[in-house]
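Here is the structure we will look at.
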Amino acid sequence: LLEISKILNTGLDMETLSICVRLCEQGINPEALSSVIKELRKATEALKAAENTTS
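Heads up, the sequence shown is in the numbering used here, so the first residue is 1 and it goes up one at a time.
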């Protein structure tokens, strides 16, 4: 699964990928999980950009 993740360039490490798989196995909607991950990445990028402009 990690190799597929790398081929698809998801950017998920082994630990994060394992957590996502477990969440899906427990019934979390994969599309919703994907949306949350994307939003977290956007927020992280925005915070980093804000830090760079204030530094």
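Ideal Cβ positions, reconstructed from N, Cα and C, are used throughout, including at glycine.
Scanning its chain for C-beta atoms nearer than 7 angstroms, with the 5 sequence neighbours on each side dropped, one finds around L17 the residues L1, L2 and S5, in chain order. Counting only residues of its own chain and dropping the five nearest sequence neighbours on each side, P30 has a CB closer than 6 angstroms to the CB of C24. In this model, G27 and A49 are separated by some 35 angstroms (Cα to Cα).
Per DSSP, reduced to three states, the secondary structure at T10 is coil, with no helix or strand assignment.
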